[in-house]
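Trainee: Below is the structure I would like to discuss, written out as structure tokens.
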Ligand SMILES: Cc1ncc(C[n+]2csc(CCOP(=O)(O)OP(=O)(O)O)c2C)c(N)n1
Ligand SMILES: Cc1ncc(C[n+]2csc(CCOP(=O)(O)OP(=O)(O)O)c2C)c(N)n1
Ligand SMILES: [Mg+2]
Ligand SMILES: [Mg+2]
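Residue numbers (the numbering used here), protein chains in the order written: chain A, 931 to 1258; chain B, 931 to 1258; chain C, 16 to 368; chain D, 16 to 368.
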């Protein structure tokens, strides 16, 4: 049992899957000798060679499009997009091609592919190195959308994603890459199933729904609120699509109140879908309005520190929202 | 006062704005001598010449990207995307460039541009000539998203969009291009303000929120339900971003029940945002769960007629949902 | 401007023997195969013509035609190892698909959106090809999206060390998409076994080539990406055969990709939704008909005594029978059950049935 | 493979006089302007070096450097009509921006995210240029997005019949984006007054040119799009000046766009977040320093007696003073008020705020 960082969990998952299945390969910008700009693929080029860890041309559309073609041929590409902010040039290939391939070919052609991308703010990245893009993809049937919040899940979910026969979007909370540490048993095959949310802190007064970095903050906020006698239950979504509605509804049936937290901007963010599900399927269980604590509706996270702090949700803001909702 | 079709309202708006402002020009595929594949620009190339009605190369990214550059220079481009399904190659330019330009330059550079695209199913177009893409863009601060449901609004909203200093996404319900007719006074300057929803049918029992083609169906469904004594209020959103929350909330405060209708797929569709707003800001006014009647969560509208009919909402399905919700 | 002239008379240009043209060289294929190629072209033509009739009769809602492009497609298909090589075609490739074993029944099922249609179970519009048994990957409508897939398949072939090549086709207008550029660049950088064939019919719906590119031949684009580009007369089935055969040999030898422009004629409107009178002169279409690739090939085969007028009549009869039978079959076929609409969004659904 | 050799020794290649090189031709600019160009290069260098120091001191969080690329940028800027012509630059263009009138104060405010930073009000990361008074349009981080904007501005210029040209710069790796291809194609088809300058430093972060393209020079890509392409020694400020001057003349004469590759040296890691030891040999960096464009220009000016050692010392002192003053000013400057974060999402907010 070793304590590792979230990014180390990701690196281990790719290392193990490259060893486990010779159809698996990695393609992206600077994933080779450089080991990725965040070092997620560190050492893998040396270990598996340039034909399985490929430095692509600087063009996201073709990183994904070529990956799709390779997947159609029977390979299992792991495409790295250097920052989630730069995934948009590949949007057409992901949404119109990868996501629709199985349905449009009546199951004859499938795209077993993982697209990894670091997302999220609070790291001084400004408008274009801080974005959260999960809501765009969680609206696309045919994709799976996964976001880990800790090293164990990061490893186990990525390994499951690589083995999944469908295209999986795997978004990594980059602020937590080295900040978030956790115990991960070594020498053990860790496969965390896609499609299952998890109650990570039981509570009776209200439920906080979060994922990625915001889940870490939610836990801290819940502890802070507990000091004032408010017991918040925290649910880590882990998979946004397909969404684990059963776990969500069970929690709200119990607590009667829901606070949804994400750093993505508010309008049309993924929190809206959770709120809509609760408003439709947990209506009689709700004792209070469904609250959303999110990034504000501005184009993206500004660079200057005071502005960035203004944008980002944090444990204090979440704790305040917990207390307020508990008091409703 | 002449009765015209929805697409004629669009054509007139462009004709008038080309005449009114010499900075306005049209760029897109086949918009020239062909007059557009739907004939929305019919006669405009002949009237204003090839330098103001430009047949672009077959490349959406640059239709938008070049449009942005021209707008930065002071022009007022109207970019036509032949089908909304084909807007995704331009997603990066729209979301990362057009939408963020004003904010990122602290207001020094702005993008007065309209992007027109026909959207929606029920026309035998299959997966790639039937898509609804509004939810992707309604999640992007900095954009305005407009969808007309009748010839008068089509004309008045498009003229306002062309004069708007911000990038405006203007989605046209193509199934209604010729199906939907209405009175439009000629010789009069028609400017319908962006950002205002409209109660198009007053009612007391519940509120139906819809836009585009679905609004027409909602009206028909409401009439059908009225025959059974159910009085549904119908609200035409007209602008999705910025959303007219006041009108939405006022209606639900009155009726206490909400049914949201769109043909886009359900999960993460724009209906989720409306439901979330109601669950948060009209919680105490709601007498029933917030219902969503939408396209099913499959990649897109299938081609074969029985499958297409299965996918599409229609007046009958909406009327049934109205009756059911009224009976709650 | 050179390509404007060209646009005004595509046939003259497309029939022109340019340097490197192999017109009149000895036939590279045997008599039986020549006749087989001719029969596929004939069947494609008659099937395509019938689709237009069905549309006029209101029996189908949409058709997009390959008439005038059959020679390029059949020449390319027969130059490759069918069953071994991979294909990422585009919507005009009916003759290519028939060469690869698509049956007339399967095509007409697609036109009518009937159950059993092989490419998508009737989920997609007609001519959105997919045929796993022939290694034809599924096509969508957004143009040029197939190009990076072709490079990816070729990357897989190279990684696996398999002996196969990929052919991907596209229209000249669609080469304006950055998607095509990125795909070709990938293949050039990694020397992948893929052939990018551009079926240049000078029009993208109504937009002429001179508004798409500032080069005379779409194959000239190869020069900027460091791979060979070749423009051939796409009305001459054997010239295309030779060009594709040579490109495939290069690819198999590990020498990398090739861009081939086949200069063809779009003898019909863009699709059944289009009316091309608003944007192109009738004389242009008439001139094309005077250089019909099917007629050119037949005359040549008759001149070379490979084909007799009598066997040609038999072929015509056979083709008509096949078309009639396919239409009758498709008309009688049921629509897919409504429940099919919900599946398969994920591979798990496929297993579920 | 040729460009692999090149990659292994960029300096040799970049210093190599290729056919068409104008090395040693008579100086096209007068003495005062030469000295002005030298001073801007010197200021850019000292300011850039100070940014690295500030980063080591923990006073700023990020810096992306233009060291080794100043000659190309200053040569280009001075060959154009500053105040009239338009610019869509990229993040390494500090020397270009100083040539266009950006002040050291403004640059350091950006490094520190302080109020009054002119490009974005400190909303964007450093070196994301925008300067309306100099007709520099706002830049984002996603590479190549500026290229279509440049073509669009040029389209506006052409529509309006104005007498201006557009210069857009980019790195060689970013020319792999379909976005760049589409932008250049548009300009070529419509003969737009725009210059696409590629600052080729052989690396895209860690990825060498031979993994980006199969051509030796990024300017070779022009051949596939029907416009002229020229590769020049980007370490020679006057060679770049002449190339850009010629391209601008073509553009003003209505003859359309040009692609210019300036072969430059990235003498630093990609950015302050990068460590280039993992992917490039030290000798390569040392070799670059032996061909420092700033030193090359100074030696030349001294050799030609345009510059004296004494006035050079004065310039150095003046540059240091400017840098010190700018840093002191920025350190003392306040951060933007938190309320600024919410604005301006829409133009209406600008009016409001
Ligand atoms: C991305 C995208 N944009 C627009 C369209 C609409 N469209 C379908 S075919 C076509 C013209 C294609 O022209 P070309 O590539 O020359 O092929 P051709 O039809 O002439 O064979 C267009 C614009 C599309 N299918 N996809
Ligand atoms: C679309 C996009 N993908 C990835 C990145 C991350 N990135 C920033 S700079 C860079 C390398 C650019 O190399 P090049 O174009 O050669 O310019 P250089 O930095 O060498 O001057 C990369 C990959 C980005 N900014 N945008
Ligand atoms: Mg064509
Ligand atoms: Mg570079």
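Beta carbons: idealized from backbone N, C-alpha and C, even for Gly.
Fair warning: this is a prediction, and the values are worked out from it, not measured in the lab.
Would residue 150 (chain C) and residue 108 (chain C) be called neighbours here (beta carbons separated by less than 8 Å)?
Mentor: no
Trainee: For the pair the region 1018-1036 of chain B and the region 953-966 of chain B, tell me if three or more CB-CB distances fall below 8 Å.
Mentor: no
Trainee: For residue 350 (chain C), name the three-state secondary structure that DSSP assigns.
Mentor: coil
Trainee: Could you tell me whether any Cβ in chain D is nearer than 8 Å to the Cβ of residue 228 (chain C)?
Mentor: Yes - at least one Cβ of chain D is within 8 Å of the one on residue 228 (chain C).
Trainee: Quick one: what does DSSP say residue 1133 (chain A) is sitting in, helix, strand or coil?
Mentor: coil
Trainee: With a threshold of 8 Å on Cβ separation, who are the neighbours of residue 352 (chain C) within its own chain once the five nearest residues in sequence on each side are excluded?
Mentor: 130
Trainee: Residues in its own chain within less than 8 Å of residue 44 (chain C) by CB, not counting five upstream and five downstream?
Mentor: Excluding sequence neighbours, residue 44 (chain C) sits near 52, 93, 253 and 256.
Trainee: Counting only Cβ-Cβ distances shorter than 9 Å, please list the residues of the region 1147-1160 of chain B near chain C, keeping chain order.
Mentor: none
Trainee: Tell me the DSSP bridge mates of residue 1224 (chain A)?
Mentor: A:1192
Trainee: Show which residues of chain D have a CB atom less than 8 Å away from the CB atom of residue 173 (chain C).
Mentor: Those do not exist, as residue 173 (chain C) stays about 15 Å from chain D at its closest Cβ, beyond 8 Å.
Trainee: Which residues in chain B have a C-beta closer than 8 Å to the C-beta of residue 1227 (chain A)? List them in chain order.
Mentor: 1071
Trainee: For residue 80 (chain D), does the count of other Cβ atoms within 10 angstroms reach 16, so buried, or fall short, so exposed?
Mentor: buried
Trainee: Beta carbons nearer than 7 Å to chain C: which residues of the region 1175-1201 of chain B have them?
Mentor: Taking a C-beta cut-off of 7 Å against chain C, none of the residues of the region 1175-1201 of chain B qualify.
Trainee: Got a sec: is the Cβ-Cβ distance from residue 240 (chain C) to anything in chain D below 8 Å?
Mentor: yes
Trainee: According to DSSP, is residue 144 (chain D) part of a helix, a strand, or is it coil?
Mentor: Of the three classes helix, strand and coil, the one that applies to residue 144 (chain D) here is coil, per DSSP.
Trainee: With which residues is residue 246 (chain D) paired in a DSSP beta bridge?
Mentor: Bridge partners of residue 246 (chain D): D:276.
Trainee: Reducing DSSP to helix, strand and coil, say where residue 1017 (chain B) ends up.
Mentor: coil
Trainee: By alpha-carbon positions, which one of C:152, C:324 and C:114 ends up nearest to residue 1031 (chain A)?
Mentor: C:152
Trainee: Is any beta-carbon of chain D found at less than 8 Å from that of residue 23 (chain C)?
Mentor: Here residue 23 (chain C) scores only 38 on pLDDT, less than 50, and its place in the model should not be relied on; the value that follows carries that caveat. With 8 Å as the cut-off, residue 23 (chain C) does not count as an interface residue toward chain D.
Trainee: For residue 956 (chain B) and residue 994 (chain B), which I take to be in contact (beta-carbon distance under 8 Å), what is that distance rounded to the nearest angstrom?
Mentor: Their Cβ separation, rounded to whole angstroms, is 13 Å, which puts residue 956 (chain B) and residue 994 (chain B) out of contact at 8 Å.
Trainee: Ordered along the chain, which non-local residues of its own chain (more than five positions away) have a Cβ less than 8 Å from that of residue 163 (chain D)?
Mentor: 194, 197, 198 and 201
Trainee: Give me whichever residues DSSP pairs with residue 214 (chain D) in a beta bridge.
Mentor: Per the DSSP secondary-structure output, residue 214 (chain D) pairs in a beta bridge with D:186 and D:277.
Trainee: Closer than 8 Å is the cut-off here; do at least three beta carbon pairs connect the region 1034-1043 of chain A with the region 990-1006 of chain A?
Mentor: yes
Trainee: Measure the Cβ-Cβ separation of residue 1085 (chain A) and residue 943 (chain A) and say whether it is below 8 Å.
Mentor: yes
Trainee: In the structure shown, what three-state DSSP assignment does residue 1168 (chain A) receive?
Mentor: coil
Trainee: On the three-state DSSP scale, how would you describe residue 361 (chain D)?
Mentor: If DSSP states are grouped into helix, strand and coil, residue 361 (chain D) belongs with coil.
Trainee: According to DSSP, is residue 1073 (chain A) helix, strand or coil?
Mentor: strand
Trainee: Is any heavy atom of ligand 3 found at a distance shorter than 7 Å from the C-beta of residue 218 (chain C)?
Mentor: yes
Trainee: Nearest to residue 1147 (chain A) by CA position, among A:1203, A:1080, A:1093 and A:1088, is which residue?
Mentor: A:1080
Trainee: Put residue 268 (chain D) into one of helix, strand or coil per three-state DSSP.
Mentor: coil
Trainee: Does the beta-carbon distance from residue 1108 (chain A) to residue 1141 (chain A) come in below 8 Å?
Mentor: no
Trainee: Just verifying my parser: in three-state terms, what is the DSSP assignment at residue 119 (chain D)?
Mentor: It is helical.
Trainee: Kindly say whether residue 348 (chain D), judged by its beta-carbon, lies nearer than 8 Å to any beta-carbon of chain A.
Mentor: With 8 Å as the cut-off, residue 348 (chain D) does not count as an interface residue toward chain A.
Trainee: Just checking: is the beta-carbon of residue 1075 (chain B) within a distance shorter than 8 Å of some beta-carbon in chain D?
Mentor: no
Trainee: Applying the 10 Å Cβ sphere with the 16-neighbour rule, what's the burial state of residue 1073 (chain B)?
Mentor: buried
Trainee: Closer than 7 Å to a non-hydrogen atom of ligand 1 - does that hold for the CB of residue 950 (chain B)?
Mentor: no
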